[in-house]
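Enquirer: Supplied in structure tokens, the structure appears directly below.
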Amino acid sequence: MAQVHLRNLIKAYGALQVVHAINLDIADGEFVVLVGPSGCGKSTTLRMIAGLEDISGGEIAIGERVVNDLPPRDRNISMVFQNYALYPHMTVRENLGFSLKIAKRPQADIDVAVNKAADILSLTPLMDRRPAALSGGQRQRVAMGRAIVRHPEVFLFDEPLSNLDAKLRTQMRVEIKKLHQRLGSTIVYVTHDQVEAMTLADRIVIMRDGHIEQVGTPIEVFDNPVNTFVATFIGSPPMNLLEGRVDQGAVVLTDGSRLPIPPRYTAAQGAAVTYGIRADNIMPVGHALPAGDHIATVDMAVTLSEPLGTETLLFAELAGTEVQAKMLNPRPVRGRETMTFQIALDKCHLFDAATGSALRRA
Amino acid sequence: MASNQSHRMRRRGLKIAHFIGLFLAMSVICIPGLWIVLNSFRPTVEIMAKPPVWIPNDLNLDHYRAMFGAVGEGGVPVLTYFRNSLIISVTSTVIAILIGMAGGYAFARYRFKGKAAIFIALMVTRAVPGVALSLPLFIIYARVGLIDTHIGMIVTYVAMNVPFTIWLIDGFFRQVPRELAEAAEIDGCTRWQAFWRVEFPVARSGIASAGIFAFLTSWNEYALASQLTRSVTSKTMPVGLLDFTSEFTLNWGGMCALAVLMIIPALVLTFLVQKHLIAGLTFGGVKG
Amino acid sequence: MKLGKFPPWLALLMPAIVLLAAVVLVPLVLSFYSSFTSYKLTKPDTLYNWIGTFNYQKAAGDIYFWTAFGRTVLLLTVALNLEMVLGLGLALMVSKVTRGQRLLRTMMMFPMMFSPILVGFQFKFIFNDNVGLVNNTLQSLGLTTTAIPWLVDAHLAMFSIISAEIWTSTSVFAILILAGLYAMPQDPLEAAKVDGCTPLQSFRFVTLPFLMPFIYIAMAIRSLDVARAYDIVQIMTNGGPARRTELLWTLIGRTGYVDAKMGYANAMGYISILLAIFFTVYFFRKLTAARAELGMAL
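Chains as they are written, first to last, in the working numbering: chain A, 14 to 375; chain B, 2 to 289; chain C, 80 to 377.
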């Protein structure tokens with residue numbers, strides 16, 4: 014097992030730079046998820062760690078060893094690919110044992126390792142099939158099995174669940190998490206799905222346009238997003254953002270309504286700001302009280318409601334912006350009903366309107 | 002660190018080896034052809050010079066002039082050969098494509114018993130060596146009076162090209178989703194209209210390249226043509242090449258000029274077809 | 080389906096079947112028949128002179144026939160295998176190029192446009208012992224002073240013929256294998272790298288199995304028109320000098336047209352046809368098997 018260090022890591026294709034000098038230290042046994050929208054450089058970063066992409070600048074170390082120019086086979090890693098990358102001409106058993114066969118391990122050892130991996134992932138009845146005869150979920154498990162068999166220092170996952178249907182994805186997510194607990198190995202996992210990131214990660218690395226925006230535990234990045242990008246990317250539904258201007262300890266929205274500055278934030282008089290409220294923290298009066306001491310109230314006309322069973326998602330309009338709110342213990346909502354909402358100010362956020370950065374109190 | 006270094010060195014070494022290998026391969030591929038083009042511009046004396054003249058010092062169009070003026074040695078009627086080649090190749094290609102389209106469509110769209118066997122049987126007809134086929138064909142054509150006629154050559158070349166054309170076109174039609182024709186039929190087309198208005202246009206460029214391939218085969222064929230054509234009325238250019246040889250001498254320069262004339266249309270057409278040809282063969286073959 | 084009407088697929092295939100029956104099947108039946116007669120071109124009546132399997136017995140006991148047969152099989156084996164290996168190498172090199180690949184691809188197809196007869200003349204010229212490109216080059220570089228008899232010595236002549244054959248046909252392999260390389264999914268290759276393969280091992284265990292169907296397609300296509308080599312050989316040596324490069328096809332051609340012994344030529348022709356059909360069917364079988372192995376038969 015080993016740590017992974019990225020130091021000023023750069024990837025450029027000619028003049029086009031796609032990863033901008035990022036730094037990241039991943040501890041031994043840590044499950045780190047790189048998350049971001051497509052094109053943010055997360056996959057490229059992972060592929061550089063794997064050695065599948067050349068490094069344009071900076072350094073990658075696995076354990077204490079700088080691996081910049083080492084081919085993948087000398088890095089002691091294994092990888093699960095988005096499209097599984099199973100060898101089509103080999104049976105499941107051959108696929109699983111391939112890396113050990115290449116490493117010229119005795120057949121008896123290979124059999125033990127392969128059977129153990131097959132057991133962990135319940136692949137035993139499928140061992141003599143070829144990939145073409147497997148379902149998506151089964152292929153996915155073979156791909157994971159192939160990674161396990163090698164006993165690598167670092168596991169790399171490149172969007173491994175994105176080709177599965179929703180139900181299977183949830184199931185495999187649990188399997189991966191169990192696998193990590195069982196093997197205790199270092200995992201770097203790339204996904205564009207923030208739910209996967211939140212549920213799996215010890216630490217989340219949020220990337221955008223080749224930069225790291227924020228690194229932290231799932232709770233940290235959820236509770237304290239450093240900017241509007243992280244705020245809207247993490248959490249579902251995305252955080253509501255309202256434009257306004259600071260006036261005497263409050264934010265004046267475009268329609269003139271006022272919201273107090275959230276307790277954990279500060280902003281100069283007259284500054285242009287963005288007010289952030291998650292749907293969980295704005296609720297109609299009488300439908301569960303938002304936590305915390307500081308409460309504000311607003312009236313909004315509800316334009317649409319989405320019943321989800323235990324809760325109903327309400328779409329309403331505030332200062333010309335569509336706002337999503339949650340109603341616990343739901344009741345039927347009439348069309349365009351005006352309701353009074355309570356906002357839990359302790360959980361609200363304030364960002365600089367120009368830069369998007371959080372205006373946290375020092 | 003040391004192993005990082007050595008990996009970098011090895012990568013550079015491989016790059017250089019790759020470049021040299023590619024250069025050598027491309028030289029071997031190109032030189033024989035360029036040699037012909039060059040010689041078509043050189044006087045025979047210089048081609049035959051001993052010791053060799055490496056740097057040409059007298060390039061001219063004499064061989065071309067002689068060829069088109071039909072006043073050169075032997076007075077080879079090149080333009081007539083060119084015309085024969087063109088008539089035979091174009092006509093046989095058009096017919097081969099029509100027949101190939103029908104056959105290819107049948108293989109791509111219908112399921113029937115013995116499909117694989119019929120397919121291989123058709124392909125195998127192409128495997129019959131030209132020489133072996135030319136003997137009985139010669140006998141029959143002599144009986145029915147098709148020897149030394151355009152018709153005789155056209156029929157022969159259509160038969161020669163149909164199997165391969167079917168293979169290619171089958172591949173192209175397979176790439177056209179069946180739903181497309183079904184949608185057209187639901188929109189009110191007959192099967193026939195669905196074919197001509199929807200499936201054919203989609204597969205058109207592929208069919209065109211199958212056509213070019215058939216054209217090239219007819220254009221370059223020799224084994225059959227050399228037996229089934231006898232005189233100026235139907236001799237094609239590959240057969241005409243032999244006019245530049247006599248018992249003991251070879252007019253290299255004149256031959257090279259005719260060769261260039263043969264290659265130019267082939268060159269242009271191959272250039273047009275290359276992309277589709279690859280696609281057709283692989284789709285037809287692999288996804289079959 | 081209406082009564083008395085063909086199923087549509089048969090109607091569509093009819094023109095092809097009728098034509099091939101007329102131009103290939105009927106002549107083959109005729110040649111099969113005439114191979115049991117003493118048919119001579121010069122004496123049309125001999126077509127009805129039934130002599131049973133005499134021609135076949137004659138061929139079976141004819142040392143020239145068997146040498147030509149053996150040489151043909153040898154030539155095909157050597158040429159096809161070399162073409163496959165060289166084509167594979169060429170395709171791999173071209174696929175690794177980052178810039179100017181389209182140009183290289185076009186250049187690679189260059190030899191395919193040459194009429195085989197032209198290739199024959201071209202290589203006859205190149206290997207000419209007196210003024211040929213090869214000897215001129217060797218002599219100018221001072222590697223040899225003698226004129227090497229490329230087309231006269233038995234071994235060298237076979238070498239020259241094989242060179243010409245390889246020059247024309249390697250591109251068929253290269254292009255189809257290149258198509259295979261383009262179609263190949265990249266991630267199994269990356270997985271192999273991560274799994275610890277050296278580039279050579281990745282090639283051996285991942286790339287090559289994937290390319291096999293493409294190689295078999297190329298083999299099948301090549302075996303369809305492998306007799307094109309006849310044109311080349313006929314021009315370069317015409318089986319000579321003194322039968323040193325005699326192949327089945329040149330032997331058949333000479334027996335039929337020069338010696339006018341059509342019956343005998345047809346008997347030998349039949350054997351060469353069976354040989355060609357055997358190769359073709361063999362490679363089609365291989366192709367189907369390789370396809371099934373990769374799970375490609377969708």
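All C-beta atoms in this analysis are idealised placements derived from N, C-alpha and C, irrespective of residue type, glycine included.
#1: Are the CB atoms of residue 290(C) and residue 256(C) within a distance shorter than 7 Å?
#2: For residue 211(C), which of helix, strand or coil comes out of DSSP?
#3: Identify the contact partners of residue 8(B) in chain A, using a Cβ-Cβ distance below 9 Å as the criterion.
#4: Per the contact definition of three or more C-beta pairs closer than 8 Å, is the stretch 97 to 117 of chain C in contact with the stretch 122 to 140 of chain B?
#5: Would you check if the distance between the CB atom of residue 220(A) and the CB atom of residue 53(A) is smaller than 7 Å?
#6: Counting beta carbon pairs with one atom in the stretch 260 to 278 of chain C and one in the stretch 224 to 239 of chain C, are three or more of them shorter than 8 Å?
#7: Output, in chain order, the set of chain B residues within a Cβ distance shorter than 7 Å of residue 87(C).
#8: Measuring CB atoms only, is the stretch 342 to 359 of chain C touching the stretch 169 to 184 of chain C, in the sense that at least three cross pairs come out at less than 8 Å?
#9: Per DSSP, residue 35(A) is paired with what?
#10: Inspect the beta-carbon positions of residue 55(A) and residue 203(A) and report whether they are closer than 7 Å.
#11: List the whole-angstrom C-beta distance separating residue 280(A) from residue 372(A), where the pair is believed to meet the contact cut-off of C-beta under 8 Å.
#12: For residue 5(B), return the contacting residues in chain A, with the cut-off set at a CB-CB distance below 9 Å.
#13: Rank 186(A), 79(A), 59(A) by C-alpha distance to the C-alpha of residue 208(A) and give the top, closest one.
#14: Does the Cβ of residue 179(B) have 16 or more other Cβ atoms within 10 Å, making it buried, or fewer, making it exposed?
#15: Nearest chain A C-beta to residue 175(C) closer than 7 Å, yes or no?
#16: So which of 120(B), 125(B), 176(B) has the shortest CA-CA distance to residue 199(B)?
#17: Quick one: using the 10 Å Cβ neighbour count with 16 as the cut-off for buried, is residue 10(B) buried or exposed?
#18: Just mark residue 328(C) as buried or exposed, buried being the case when its beta carbon has 16 or more other beta carbons within 10 Å.
#19: Would you say residue 25(A) faces chain C, with C-beta separation under 7 Å as the test?
#20: Once DSSP output is grouped into helix, strand and coil, what is the label at residue 237(A)?
#21: For residue 50(A), which option in 206(A), 270(A), 170(A) has the closest C-alpha, if you only look at C-alpha atoms?
#22: Does the distance from the CB of residue 258(B) to the CB of residue 64(B) come in under 7 Å?
#23: Is the stretch 225 to 232 of chain B touching the stretch 146 to 157 of chain B, taking contact as three or more C-beta pairs under 8 Å?
#24: Would you call the stretch 210 to 225 of chain B and the stretch 157 to 170 of chain C touching, i.e. three or more CB-CB distances under 8 Å?
#25: Residue 131(A): which of 148(A), 155(A), 122(A) sits nearest, CA to CA?
#26: Please confirm if the stretch 164 to 183 of chain A is in contact with the stretch 86 to 95 of chain A, defined as three or more CB-CB distances below 8 Å between the two stretches.
#27: Check whether chain C comes within 7 Å of residue 132(B), counting only Cβ atoms and requiring the distance to be less than that.
#28: Check the Cβ-Cβ distances between residue 377(C) and every residue of chain A, and say whether any is below 7 Å.
#29: On the criterion of 16 or more Cβ atoms from any shown chain inside 10 Å, does residue 90(B) qualify as buried, or is it exposed?
#30: Which one or two residues does DSSP pair with residue 152(A) in a beta bridge?
#31: Near residue 208(C), what residues of its chain come up, given a Cβ to Cβ distance below 8 Å and the 5 sequence neighbours on each side ignored?
#32: Between 290(A), 364(A), 218(A), which has its C-alpha nearest residue 284(A)'s C-alpha?
#33: In the DSSP assignment, what are the bridge partners of residue 202(A)?
#34: Counting only Cβ pairs nearer than 7 Å, list the residues of chain A close to residue 275(C).
#35: If you measure from the beta carbon of residue 144(C) to each beta carbon in chain B, is any gap under 7 Å?
#36: Of all the options 79(A), 358(A), 310(A), 261(A), which has the alpha carbon lying nearest to the alpha carbon of residue 331(A)?
Expert: Result, derived from the coordinates:
#1: Yes. Within cutoff.
#2: Three-state DSSP puts residue 211(C) in coil, outside helix and strand.
#3: Listed along chain A are 82, 83, 84, 87, each with a C-beta nearer than 9 Å to that of residue 8(B).
#4: Contact holds between the stretch 122 to 140 of chain B and the stretch 97 to 117 of chain C, because three or more Cβ pairs, one in each stretch, are under 8 Å apart.
#5: Result yes, Cβ atoms of residue 220(A) and residue 53(A) sit closer than 7 Å.
#6: With a cut-off of 8 Å, the stretch 260 to 278 of chain C and the stretch 224 to 239 of chain C do not count as touching, because too few Cβ pairs lie within range.
#7: Within 7 Å Cβ-Cβ: 111.
#8: The stretch 342 to 359 of chain C, when compared against the stretch 169 to 184 of chain C, does not touch it at the 8 Å Cβ threshold.
#9: According to DSSP, which records beta bridges pairwise, residue 35(A) is partnered with 22(A).
#10: Contact: yes.
#11: About 5 Å separates the two Cβ atoms, so the contact holds.
#12: Ordered by position in chain A, the residues that pass the 9 Å Cβ test against residue 5(B) are 79, 80, 81, 82, 83.
#13: Checked all of 186(A), 79(A), 59(A); the closest Cα to residue 208(A) is 186(A).
#14: Exposed, by the Cβ-count rule.
#15: When Cβ-Cβ separations below 7 Å define contact, residue 175(C) makes no contact with chain A.
#16: Ranked by Cα distance from residue 199(B), the first of 120(B), 125(B), 176(B) is 176(B).
#17: With fewer than 16 Cβ atoms within 10 Å of its Cβ, residue 10(B) is classed as exposed.
#18: It is buried - the Cβ of residue 328(C) has at least 16 other Cβ atoms within 10 Å.
#19: Not an interface residue.
#20: The answer is coil: DSSP assigns residue 237(A) none of H, G, I, E or B.
#21: Selected option, being the one with the closest Cα: 206(A).
#22: Yes; because the gap between Cβ atoms is below 7 Å, this pair is in contact.
#23: Yes, the stretch 225 to 232 of chain B touches the stretch 146 to 157 of chain B.
#24: Counting C-beta pairs closer than 8 Å gives fewer than three between the stretch 210 to 225 of chain B and the stretch 157 to 170 of chain C, which falls short of the contact rule.
#25: Ranked by Cα distance from residue 131(A), the options 148(A), 155(A), 122(A) are led by 155(A).
#26: Yes, since at least three Cβ pairs between the stretch 164 to 183 of chain A and the stretch 86 to 95 of chain A fall closer than 8 Å, the two stretches touch.
#27: The C-beta of residue 132(B) comes closer than 7 Å to at least one C-beta of chain C.
#28: Its pLDDT being 34, under 50, residue 377(C) is placed unreliably in this model, and the coordinates cannot settle the point.
#29: Classification for residue 90(B): buried.
#30: The beta-bridge partner set that DSSP reports for residue 152(A) is empty.
#31: Correct list, in chain order: 214, 226, 227, 228, 229, 230, 231.
#32: Among 290(A), 364(A), 218(A), the Cα nearest to that of residue 284(A) is on 364(A).
#33: DSSP output for residue 202(A) lists 46(A), 170(A) as bridge partner(s).
#34: Near residue 275(C) (Cβ distances below 7 Å), the residues of chain A are 86, 112, 115, 116.
#35: No, residue 144(C) lies away from the interface with chain B (no Cβ there is under 7 Å from its Cβ).
#36: When C-alpha distances from residue 331(A) are compared across 79(A), 358(A), 310(A), 261(A), the shortest belongs to 310(A).
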